[in-house]
Amino acid sequence: MEFGPHLMLAVLEGLVQASVLTLTALGLSLVFGVMRVVNVAHGEFFMLGAVLAWWITSLLGGGAGLAFAAALVGAPLMVGAIAALADWLVLRRVAYDPERTIVATIGLLYIFQQITLMTFGPDARPVPPPFNTRLALPWFEWGEGGIALYWPWGLSITSYKLFVIAAAPVVLVALWLVMTRTRLGLVLRATRIDSETARAFAIPVEQVYALVFGIGAALAALGAVLVVPIRQAHYLMGADPLLLSFIVVIIGGLGSLRGTVLAAVLIGMSDGIISVFFTPTLAKIFATLVVAMVLVARPGGLFGERRT
Amino acid sequence: MTQRILALHLGLIGLLFVLQFVLPPYHHDNIARIMVMAAYAMGYNLMFGYTGLLSLGHAMFFAAGMYGMGLSMQHAGFAAEAALAVGITAGFGLALGVGLLALRTTGVAFMIVTLMFAQALFLAILYFGPFTRGDEGFVIPLSARIFAGLRLSDPTIRYFAALALFALVLLAMLWLIRHPVGRVLIAIRENEERTRMLGYDTWRHKLFAVTASGTISGTAGAVYGLLFGYVGASFAEVPYSIFPLLWVLLGGAGTLVGPFIGTLFMFYLIDLASGVTDAYMLVVGVALLLLTLFAPRGIMGMLRERWLPWLP
Amino acid sequence: MAPRKILSASAGTTRRSMLKGIAAIGASTAATGFPGFTRFARAAGSDAPIRIGFQVHRTGIGATYGRWYERVTNAAARVINEMGGINGRPVEIVAEDDGTDPKRGAEVVGKLANQHRCDVAYGTLFSHVVIGSAPRAGELKIPYFVVSEGHHVASGMLNRYTLQPGITDVKSQVMAMAPFVAANLGRKVTMIFPDFAFGHNHRDFFSEAIAAQGGEVLARIAIPPTETSFTRYFAKIPRDTEVIYHVMVGPSVLTFVKEMGEFFGPSAPAIFGFIDSLEGVDLASPGLEFLEGSHFWEGMPRYEQPGDPDYVKFYREQVGLDANGASVDDPDDISANAHMFACWETLFTIKNGMERAGYRGPEDRAALIEAVEDIDIMPAGREHPQGPKVFNGLTHQAFGVQYISQVRNSRLEVQHVTAIKDGFYPDEVDYTKQPL
Chain R
18 MEFGPHLMLA
28 VLEGLVQASV
38 LTLTALGLSL
48 VFGVMRVVNV
58 AHGEFFMLGA
68 VLAWWITSLL
78 GGGAGLAFAA
88 ALVGAPLMVG
98 AIAALADWLV
108 LRRVAYDPER
118 TIVATIGLLY
128 IFQQITLMTF
138 GPDARPVPPP
148 FNTRLALPWF
158 EWGEGGIALY
168 WPWGLSITSY
178 KLFVIAAAPV
188 VLVALWLVMT
198 RTRLGLVLRA
208 TRIDSETARA
218 FAIPVEQVYA
228 LVFGIGAALA
238 ALGAVLVVPI
248 RQAHYLMGAD
258 PLLLSFIVVI
268 IGGLGSLRGT
278 VLAAVLIGMS
288 DGIISVFFTP
298 TLAKIFATLV
308 VAMVLVARPG
318 GLFGERRT
Chain C
60 MTQRILALHL
70 GLIGLLFVLQ
80 FVLPPYHHDN
90 IARIMVMAAY
100 AMGYNLMFGY
110 TGLLSLGHAM
120 FFAAGMYGMG
130 LSMQHAGFAA
140 EAALAVGITA
150 GFGLALGVGL
160 LALRTTGVAF
170 MIVTLMFAQA
180 LFLAILYFGP
190 FTRGDEGFVI
200 PLSARIFAGL
210 RLSDPTIRYF
220 AALALFALVL
230 LAMLWLIRHP
240 VGRVLIAIRE
250 NEERTRMLGY
260 DTWRHKLFAV
270 TASGTISGTA
280 GAVYGLLFGY
290 VGASFAEVPY
300 SIFPLLWVLL
310 GGAGTLVGPF
320 IGTLFMFYLI
330 DLASGVTDAY
340 MLVVGVALLL
350 LTLFAPRGIM
360 GMLRERWLPW
370 LP
Chain L
25 MAPRKILSAS
35 AGTTRRSMLK
45 GIAAIGASTA
55 ATGFPGFTRF
65 ARAAGSDAPI
75 RIGFQVHRTG
85 IGATYGRWYE
95 RVTNAAARVI
105 NEMGGINGRP
115 VEIVAEDDGT
125 DPKRGAEVVG
135 KLANQHRCDV
145 AYGTLFSHVV
155 IGSAPRAGEL
165 KIPYFVVSEG
175 HHVASGMLNR
185 YTLQPGITDV
195 KSQVMAMAPF
205 VAANLGRKVT
215 MIFPDFAFGH
225 NHRDFFSEAI
235 AAQGGEVLAR
245 IAIPPTETSF
255 TRYFAKIPRD
265 TEVIYHVMVG
275 PSVLTFVKEM
285 GEFFGPSAPA
295 IFGFIDSLEG
305 VDLASPGLEF
315 LEGSHFWEGM
325 PRYEQPGDPD
335 YVKFYREQVG
345 LDANGASVDD
355 PDDISANAHM
365 FACWETLFTI
375 KNGMERAGYR
385 GPEDRAALIE
395 AVEDIDIMPA
405 GREHPQGPKV
415 FNGLTHQAFG
425 VQYISQVRNS
435 RLEVQHVTAI
445 KDGFYPDEVD
455 YTKQPL
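Chains as they are written, first to last, in our numbering: chain R, 18 to 325; chain C, 60 to 371; chain L, 25 to 460.
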């Protein structure tokens, strides 16, 4: 494939990746920003979202569109509820101590994985996309008569992938409206800035924490539901999103939602584009080292406030 | 005070020595493995438990030692003694390099930087497959596992070799944390700012902690490969970075015997649970939750809090 | 040590006697049931069960396979017991999970040998677990029968106590594919494979084999492990590719195939794949329509074929497979039949070896190894339902026929069965020279 179409393909694939990553990382960032804890089980909430999406769609059967819509609403709600419960039963009791939370969430990770293995099984299971038309894309070349369009071999995308790319901005805007325009958003922001003062103003901080933990998990699950018609649900699928979300949150600057979004787009895109220039595994090594070096150079993240 | 501490640690070493003669073969082999892994965990504890630096990429040091040893044997035909030296040097060199870079960051960024370096090493092992045999790894042949004339594949010799490593690291750690340098490390863990105000060069102390920790971990990796005859990329993967964290937290971060207790506990938890049920991960998960809920300072930490305040 | 066997004089005679062996198989494939070449030697006074330690991937990345390996193992053990056991003693399977981890694998071999007091260890699939565990088996001198298809055994990396008698190794499988690919699909090949040892084996062995057929590999696209999206890699496929050779493993394989279909749309080259990509996956899954008409290697046909011999029907019935190669209890539960048959065959080879050796207990482990090394021909039948095999006692590796199937109406239909000799290569090791 020529360079131009290849790059465009990589950009499109990168956008799909960036879209899902944005939602997942935003969940992690929200939890970190408000609660100041690292949730190692975040990837498992992603996995649960995908598995529940499979469960809901296969239970409903019938039209792929309707079943998928149900999964899009149902799976994040269920995962959010599970997460809020876990927060109430476990994290609240360890008083959100950073180290203990890490161990506790590793424990949750094992539990979720094993339960999924025992009920859902070890296989990767597909969810039918609600719509999936292959759209061939044109490319241009400088011919004798100026710009001419042609259809390069292999340059295409599916309608569903376009939907995923579009979904992230929609969710982002909705989240932004909630954060800035509603009472709930006010409470969240207050708790985030100073939980002690918030408590003094009669904000039920513990309930807020459970809610935030639930919303964070639900965002991961939402990302998973979106991606599961492209990939499949599998009980070990949580590791990669966890790792990537982590990177995104740190690069974006801890707790900075805007930074998280920028970093997600940057990392999702660069993962695709670097692979145009290098052999794939070398590209991964390179990208990994770049992330490390960015942090070494700017420990506060690319977009985070500078703290020394 | 000092006598009590010395008695405890020498007693543990003595107990492990005696166990060699009484353990049935399966557990004999397990304890040998656990002692090497506990050395790895103690290396981790130096950084995490005593200096307060949480690394999520320690598997890279373990793997550097293991591959430094294995590859020099495989491709350069080194004998076990020289190969071990290469492994230790590899762990040391990598730790020094990573320390110089990663210590520019703190907290969660430090976790991610170490995680990324470890991931890069893991991918490099896969990428250079023709040289490293990729994910499958390779076997150290029996004929090469002879150290100073001793056959390391022999169960008794292997047990004592593992015990020697374990005792060496344990006693070195005991010495270190009572040495002024160790005191400074603990001070950094408690309050880095204040330690700096007191005139200590905290950056150099932290670099020392990372380098020493990485060297110990690399040594454990090299010894593990030599004793058990296999070098593989799975030892460089994320779980092997998480394990020492778990072992240390379970046993008690910042306690000397904690890492050993944690490694032992975790090993037998999985081993016994897998005999009872397929869902041993569930048992492990629940056990972790219970421990964080009811013994947040780990097993030895709890003992220290309740009964043994003198425990180092 | 003096050569004990006719076969061990040199690689040349090995090849010749193997070819002779194939002629013999040709004559005897008609025979079903249980050929009477086993020398029965009853155990002296002992009715205690023979304990076969089963190292199984119940958790971890190998769990899809592990579940089916376990079902086949239990079915074969049941059948062996119904036939009267081994040397008159019942067989007992002692399963232990290794989490698909090499470190735990080595510990499990020790547990099976020392804790569970098993007679042999058996059943490992993933190559890195085999390579991590085999040294322990060698130290403990416990016969270790792996069911992995890796080239590790025949490459000489392992030891005298490790054998792979139930399944052809990947080197041989890949070599046997090249003539068919070159003759029927095309000579300009692009290979897509995972960037780790399993993929590298395919890359190296197939590149060599297709060159010998006058073909060439235009591009070798290595996909990093843990990759979950693939479209951008397909852009690297050269335009003049005639055949795409793909082999992927892991949970993302379905995505891989789907995205390949979306990438090419209607203008795809010929496609040849290893079913490893889709073991345990229903070919009628959404997104796989694209594979219609493409070809696959299969170790053993997943779908019922017209004219299946009785022994294949017997095997499928005992294991509990329906016509689509799914579980009779759950049509969505697709088997790993291209590999799992080897569990069945390995257990019968253990039986056969124990009977030849007059095996009584752990003190006869060395004799068991020698007895299995002595086996050279395994005729097709109930004990070897996948097809006839030749066992090379020097390299501890079995060589069998391979199946090439085409996807038609979302089913795999066998188009070609390779000859055993298509997969022969010169010996790379003589394990019988190692002390027992």
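Built from N, CA and C at the ideal position, the CB exists for glycine as well.
Counterpart residues of residue i in DSSP-defined beta bridges
i         : result
ASN416(L) : GLN421(L)
TYR518(L) : Any question about residue 518(L) goes unanswered here, given that chain L covers just 25 to 460.
TRP306(C) : Answer is none; TRP306(C) lacks a bridge partner.
ILE247(L) : PRO218(L)
GLN188(L) : GLN421(L)
ASP121(L) : VAL80(L)
Three-state secondary structure assigned by DSSP to residue i
i         : result
GLY163(R) : strand
ARG263(C) : helix
LEU126(R) : helix
VAL245(R) : coil
PHE176(C) : helix
TRP168(R) : coil
SER309(L) : coil
HIS270(L) : strand
VAL188(R) : helix
Own chain residues within Cβ distance below 7 Å of residue i, not counting five before or after
i         : result
VAL229(R) : LEU47, VAL48, VAL51, MET52 and LEU205
PHE222(L) : SER151 and VAL273
ARG324(R) : Summary for ARG324(R): the model assigns pLDDT 44, below 50, so the residue's position carries little reliability; its value from the coordinates is reported in the next sentence. GLY317.
C-beta contact flag for residue i and residue j at 7 Å
i         : j         : result
ALA202(L) : GLN237(L) : yes
ALA268(C) : THR110(C) : yes
GLU437(L) : ALA360(L) : no
LEU224(C) : VAL282(C) : yes
PRO126(L) : GLY291(C) : yes
VAL96(R)  : GLY66(R)  : yes
Beta carbon proximity, residue i to chain L, threshold 7 Å
i         : result
PRO84(C)  : yes
GLU251(C) : no
VAL145(C) : no
VAL343(C) : no
GLY289(R) : yes
Near the ligand PLP: residue i beta-carbon under 6 Å from a heavy atom
i         : result
LEU328(C) : The ligand PLP is not part of the structure shown, which contains no ligands of any sort.
Within-7 Å CB hit, residue i to chain R
i         : result
THR252(L) : yes
LEU367(C) : no
SER309(L) : yes
TYR455(L) : no
GLU286(L) : yes
GLY349(L) : no
Close beta carbons around residue i, own chain, < 8 Å, minus the five adjacent residues each side
i         : result
TYR226(R) : VAL51, MET52, ASP104, LEU108, ARG109, TYR113 and THR208
PRO214(C) : PRO84, HIS87, ASP88 and ALA91
Own chain residues within Cβ distance below 6 Å of residue i, not counting five before or after
i         : result
PHE137(C) : SER131
LEU29(R)  : ILE174
ALA241(R) : PHE63, GLY66 and ALA67
ILE74(L)  : ILE110, ARG113, VAL115 and ASP143
Below-7 Å beta-carbon distance, residue i vs any chain C residue
i         : result
THR133(R) : no
ALA87(L)  : no
TYR113(R) : no
ARG141(L) : no
GLU397(L) : no
ARG117(R) : yes
ALA221(L) : yes
GLU163(L) : yes
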